[in-house]
Amino acid sequence: MQWLEMTMKSTDPSPNVSSPGSSEPGASQASQFGQTQRPSLPPPDLLSLGQHHLARILGICTSINASETLSGAGVRRRCHPCTHRGLVTMVTIIHCQQSLSPLPLCSAPISRQQQLRGVLLPSCFAGGTRKKPGAVREQQSGRRYRGKQTDGGGRGTSQGGMAHAASCLHSSCSFSLGAQLTTLSTSPRSSSHLPLLFLPKTMEEATKVTDTVPALPPLLERRVRQRQPTVSVLKSKLKQSATCSVPRVRSTLTGFFPVVRWLPKYKLREYIWGDLMSGVIVGIILVPQAIAYCLLAGVEPIYGLYTSFYANIIYFLMGTSRHVSVGIFSLMSLMVGQVVDKELYLAGFDLNEDSKASVPDVFNATLGTNLTIGKPHSVELMGLQCEKECYAISIATALTFLAGIYQLLMAVFRLGFVSVYLSSPMLDGFATGASFTILTVQAKYLLGLKIPRHQGYGTVAITWINIFANIHKTNLCDLITSAICISILVAGKEIQERYKDRLKIPLPTELVVVAGATLASHFGELNSRYSSSVSGHIPTGFIPPQVPSFGLMQRVALDAIPLAVISFAFTVSLSEMFAKKNGYTVRPNQEMLAISLCNIIPSFFHCFTTSAALAKTMVKDSTGCQTQVSSLISALVVLLVLLFFAPFFYDLQKCVLACIIIVSLRGALRKFKDVPAKWRASKNDAIVWLVAMSATALISVELGLLFGVVFSMTCIIFKTQNPKVSLLGRATDTDIYEDMDEYKDLTPPPRVQVFRFQAPLYYANKDSFLKSLYKAVGVEPFLEMTKRSKAEKKAKDMSSKQTKANGDKNNGEVIIALVQRELDFHTIVLDCSAMPFIDSTGMATFKGLVKEYNEINVSVLLANCNTSVIDTLQKGQFFGKNDQEISSMLFHTVHAAVLHANSTFAAAESRSEDSVV
Numbered sequence: 011m012q013w014l015e016m017t018m019k020s021t022d023p024s025p026n027v028s029s030p031g032s033s034e035p036g037a038s039q040a041s042q043f044g045q046t047q048r049p050s051l052p053p054p055d056l057l058s059l060g061q062h063h064l065a066r067i068l069g070i071c072t073s074i075n076a077s078e079t080l081s082g083a084g085v086r087r088r089c090h091p092c093t094h095r096g097l098v099t100m101v102t103i104i105h106c107q108q109s110l111s112p113l114p115l116c117s118a119p120i121s122r123q124q125q126l127r128g129v130l131l132p133s134c135f136a137g138g139t140r141k142k143p144g145a146v147r148e149q150q151s152g153r154r155y156r157g158k159q160t161d162g163g164g165r166g167t168s169q170g171g172m173a174h175a176a177s178c179l180h181s182s183c184s185f186s187l188g189a190q191l192t193t194l195s196t197s198p199r200s201s202s203h204l205p206l207l208f209l210p211k212t213m214e215e216a217t218k219v220t221d222t223v224p225a226l227p228p229l230l231e232r233r234v235r236q237r238q239p240t241v242s243v244l245k246s247k248l249k250q251s252a253t254c255s256v257p258r259v260r261s262t263l264t265g266f267f268p269v270v271r272w273l274p275k276y277k278l279r280e281y282i283w284g285d286l287m288s289g290v291i292v293g294i295i296l297v298p299q300a301i302a303y304c305l306l307a308g309v310e311p312i313y314g315l316y317t318s319f320y321a322n323i324i325y326f327l328m329g330t331s332r333h334v335s336v337g338i339f340s341l342m343s344l345m346v347g348q349v350v351d352k353e354l355y356l357a358g359f360d361l362n363e364d365s366k367a368s369v370p371d372v373f374n375a376t377l378g379t380n381l382t383i384g385k386p387h388s389v390e391l392m393g394l395q396c397e398k399e400c401y402a403i404s405i406a407t408a409l410t411f412l413a414g415i416y417q418l419l420m421a422v423f424r425l426g427f428v429s430v431y432l433s434s435p436m437l438d439g440f441a442t443g444a445s446f447t448i449l450t451v452q453a454k455y456l457l458g459l460k461i462p463r464h465q466g467y468g469t470v471a472i473t474w475i476n477i478f479a480n481i482h483k484t485n486l487c488d489l490i491t492s493a494i495c496i497s498i499l500v501a502g503k504e505i506q507e508r509y510k511d512r513l514k515i516p517l518p519t520e521l522v523v524v525a526g527a528t529l530a531s532h533f534g535e536l537n538s539r540y541s542s543s544v545s546g547h548i549p550t551g552f553i554p555p556q557v558p559s560f561g562l563m564q565r566v567a568l569d570a571i572p573l574a575v576i577s578f579a580f581t582v583s584l585s586e587m588f589a590k591k592n593g594y595t596v597r598p599n600q601e602m603l604a605i606s607l608c609n610i611i612p613s614f615f616h617c618f619t620t621s622a623a624l625a626k627t628m629v630k631d632s633t634g635c636q637t638q639v640s641s642l643i644s645a646l647v648v649l650l651v652l653l654f655f656a657p658f659f660y661d662l663q664k665c666v667l668a669c670i671i672i673v674s675l676r677g678a679l680r681k682f683k684d685v686p687a688k689w690r691a692s693k694n695d696a697i698v699w700l701v702a703m704s705a706t707a708l709i710s711v712e713l714g715l716l717f718g719v720v721f722s723m724t725c726i727i728f729k730t731q732n733p734k735v736s737l738l739g740r741a742t743d744t745d746i747y748e749d750m751d752e753y754k755d756l757t758p759p760p761r762v763q764v765f766r767f768q769a770p771l772y773y774a775n776k777d778s779f780l781k782s783l784y785k786a787v788g789v790e791p792f793l794e795m796t797k798r799s800k801a802e803k804k805a806k807d808m809s810s811k812q813t814k815a816n817g818d819k820n821n822g823e824v825i826i827a828l829v830q831r832e833l834d835f836h837t838i839v840l841d842c843s844a845m846p847f848i849d850s851t852g853m854a855t856f857k858g859l860v861k862e863y864n865e866i867n868v869s870v871l872l873a874n875c876n877t878s879v880i881d882t883l884q885k886g887q888f889f890g891k892n893d894q895e896i897s898s899m900l901f902h903t904v905h906a907a908v909l910h911a912n913s914t915f916a917a918a919e920s921r922s923e924d925s926v927v
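So that you can map any letter, position 810 of the sequence shown is 820 in our numbering, and since no number is skipped, the others follow by simple counting.
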């Protein structure tokens with residue numbers, strides 16, 4: 011082996027400063043230890059081109075700032091870490107007899123001419139040179155350091171600086187040469203530190219040295235999380251739930267009955283007046299609505315009062331919301347009524363008959379006595395003969411019981427997440443379509459027509475056809491009464507909305523209309539004179555409880571599912587909305603448990619399905635409600651009507667009740683005015699609203715709910731199948747990469763394509779991902795390989811012809827080599843920041859993508875992957891066995907991936923040029 015020693019010794023302490031602006035980096039400069047002259051390099055025949063370049067750079071390193079004073083802040087600011095406090099460097103290079111390739115000195119791409127001249131230096135040699143900020147940033151962001159860190163001015167100890175420089179040389183030199191750098195430190199009194207750069211004689215030695223180089227530690231290291239076995243987790247949970255103690259029992263009971271917690275803390279003087287006022291007002295509104303909504307449910311008015319009474323009592327004990335009003339809801343009543351009418355029709359009852367059995371007969375049937383008056387049509391139920399009204403309430407109670415059981419199961423198994431799939435646009439559209447259905451069903455009462463409710467699909471269309479077909483049978487008394495009542499109710503609502511800031515309490519318009527219409531019907535004898543339909547006898551008191559019919563439950567099991575879902579969805583959403591508005595929290599699972607028991611327990615007392623009602627909840631909130639004591643007061647108001655005032659509603663016309671129902675739908679029907687605003691805000695939400703509304707109104711309520719849920723989820727899937735894709739560019743002098751179509755002044759990285767796919771990558775959108783990527787970068791690997799093979803085949807045929815003509819054997823190979831087309835890019839960086847997850851299909855897509863592009867000499871790198879995506883790729887061995895290639899394929903930022911791509915391509919290009927030389 012041949013040795014070349016470059017020794018810089020200190021001789022004269024007098025400085026001789028050369029011009030700092032000298033164009034020749036590494037020119038001789040003076041220090042306080044003497045004249046430091048860079049030794050002349052041997053001719054090229056002694057050293058190869060690569061060794062000449064390396065010796066030149068090392069000479070620059072030792073002499074670049076020797077003219078600075080090595081004392082005080084000047085040393086720490088300007089001196090390179092390799093030189094410290096009078097110590098000079100002796101560099102010994104072991105000559106390699108083979109030709110060496112230029113070193114990859116920095117992360118940023120460097121031209122071959124700049125490498126040969128030694129103009130650009132790695133960051134560890136840049137202590138005394140002024141470099142462009144962009145270059146410095148690129149080098150700092152693209153390199154990992156070992157040893158002691160130094161600040162921007164090169165601060166650090168002598169040994170730390172030597173280790174720092176050695177590590178940089180070690181990492182860069184060993185990358186291409188397999189060189190090994192060691193630092194030999196002498197005593198503090200010695201005149202130099204000796205870094206030795208050993209260059210192997212053969213490529214076999216270079217390979218061995220490269221294989222033994224330890225890898226740099228990662229910038230970010232994942233935590234090791236050990237998951238406990240499933241069996242042990244289940245055992246611990248069962249053990250915890252099975253333990254019994256006095257505090258646990260107390261906590262369970264207070265959690266089951268929240269009233270036990272807040273009632274002892276009730277502030278009587280502060281809360282009582284607001285609760286009393288809101289309770290009385292809601293009770294006054296509740297009585298006429300409870301009677302009216304029984305028309306929708308297809309049962310007697312007394313059952314609506316029972317439902318309102320029991321639901322308020324149970325929610326007072328178990329609810330966690332302070333403002334929600336639970337009771338009869340128009341949508342629930344409509345859905346119950348449709349099931350009741352369907353079962354009555356299947357049982358053979360005449361839905362068009364207006365004559366009904368007397369109420370005592372119905373009660374006797376409920377109590378189990380035999381009915382012999384008039385011999386009307388009846389069916390046997392639970393061993394008893396049951397007429398139309400008895401059968402209707404039996405169906406309603408069985409349906410309500412099953413809906414409550416479903417809700418209880420959802421609460422026990424914590425299936426409240428089902429409501430997540432009921433989006434707000436879908437629920438709004440469903441409520442609006444159901445409101446239109448309610449309006450259609452009640453229209454016949456406004457005209458006094460006796461038309462049976464249609465069974466099956468298309469209720470709205472067929473009902474309106476029947477109304478216009480029987481329009482000549484309109485009862486003028488009912489029509490005039492309806493017009494007067496609607497005018498009064500609408501006027502009262504408009505006054506309430508316009509002067510709601512001045513009015514402290516809502517106007518009891520419904521109660522005034524009911525009282526006035528009842529008096530007018532009673533004294534005017536409208537039923538006997540004009541055949542106007544009236545509510546009939548409403549008894550006082552309570553009916554003894556009865557177990558719901560289990561024989562009917564199997565007939566209505568499927569019908570109870572949408573009732574259960576809609577009921578708890580409205581209750582939970584309203585409770586959370588008003589809790590957020592008034593600054594407290596609710597427990598959704600307890601709310602689901604409360605509404606389930608509001609359906610299960612009242613079903614034994616001849617009640618039908620309930621839920622939270624928006625209109626009455628808003629009234630409670632606006633009238634000063636503080637706690638659920640207001641629900642207790644509303645129940646007392648209903649109780650007074652049940653015990654004393656119910657018989658006075660005998661002459662109340664049904665058209666008046668229909669007017670109350672229709673006017674209460676104003677809020678839902680006004681949603682049609684919001685459609686243009688919805689369309690401007692989000693076309694997807696507007697389409698979901700229109701589909702849910704149309705399906706509910708034109709097909710049926712149950713199928714409308716199903717159509718709305720399926721369509722809204724389909725829209726989400728469609729969004730993931732056709733997401734936004736973009737090519738990214740870099741903002742000037744920053745590490746920020748963004749969409750070039752959306753932002754200005756972005757520069758695409760040279761010969762690198764950065765692609766972003768803004769959706770999860772899974773089986774449904776893998777084809778969309780590949781097509782959008784091929785279109786964005788402009789190169790599809792399969793087509794590119796096909797073009798190249800065809801071009802090679804054509805060139806081969808041409809070269810064979812020329813060879814035969816000229817007799818040149820090597821001409822064919824040259825032509826085939828020239829056929830290889832140079833692409834505009836050498837690397838594709840996939841920005842995975844917008845990918846929340848990938849499945850096994852997405853992982854296989856990544857694998858195929860890397861393989862296909864490697865065949866045309868294009869690398870594929872990943873950046874900004876979250877841990878879920880990384881785990882999926884590691885499990886699928888995307889980075890090779892034991893993740894060997896993870897450091898060269900996965901990067902935390904797009905900028906780091908771009909720098910790695912450019913530096914790798916520059917190194918590969920240099921090696922190919924040297925091989926050609």
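The beta carbon of each residue, even a glycine, is placed where N, CA and C say it ideally should be.
Burial state of residue i, where buried means 16 or more other Cβ atoms lie within 10 Å
i: S197; result: Confidence at S197 is low in this model, with a pLDDT of 38, below 50, so its placement is unreliable and the value that follows should be read with caution. Counting Cβ neighbours within 10 Å, S197 comes out exposed, since fewer than 16 surround it.
i: V297; result: buried
i: K249; result: exposed
i: F847; result: exposed
i: P239; result: exposed
i: R512; result: exposed
i: M795; result: exposed
i: R766; result: buried
Rounded separation between residue i and residue j - CA only
i: S782; j: I746; result: 23 angstroms
i: L737; j: D749; result: 6 angstroms
i: A493; j: K483; result: 17 angstroms
i: L883; j: P758; result: 28 angstroms
i: V350; j: S246; result: 47 angstroms
i: Y431; j: T330; result: 23 angstroms
i: S531; j: A707; result: 34 angstroms
i: A413; j: I571; result: 6 angstroms
i: L315; j: L306; result: 14 angstroms
i: E923; j: M853; result: 36 angstroms
i: H905; j: A579; result: 47 angstroms
i: V839; j: R921; result: 23 angstroms
i: S925; j: Y773; result: 45 angstroms
i: A501; j: Q638; result: 31 angstroms
Cross-strand partners of residue i (DSSP beta bridge)
i: A946; result: For the chain, the structure presents residues 11 to 927; residue 946 sits outside this window and is missing.
i: I848; result: L771
i: T264; result: None; T264 has no bridge partner.
Cutoff 6 angstroms; reference residue i; Cβ partners in own chain excluding five residues on either side
i: I323; result: A645
i: I671; result: A302, Q452
Check: residue i C-beta below 7 angstroms from any heavy atom of the ligand COA
i: T855; result: For the ligand COA, the structure offers nothing, since it holds no ligand at all.
Under the three-state DSSP convention, the category residue i falls into
i: Y355; result: helix
i: D749; result: strand
i: H174; result: Because H174 sits at a pLDDT of 44, beneath the cut-off of 50, its placement in the model cannot be relied upon, and the following sentence gives the value as read from the coordinates. Reduced to three states, the DSSP call for H174 is helix.
i: C617; result: coil
Chain-order list of residues whose beta-carbon lies under 7 angstroms from that of residue i (same chain, five-residue window excluded)
i: N775; result: T730, Q731, A769
i: R539; result: none
i: C495; result: V523, A527, V666, C669
Proximal residues to residue i (C-beta, below 8 angstroms), its chain only, five neighbours per side dropped
i: P516; result: I291, I295, Q506, V629, S632, T633
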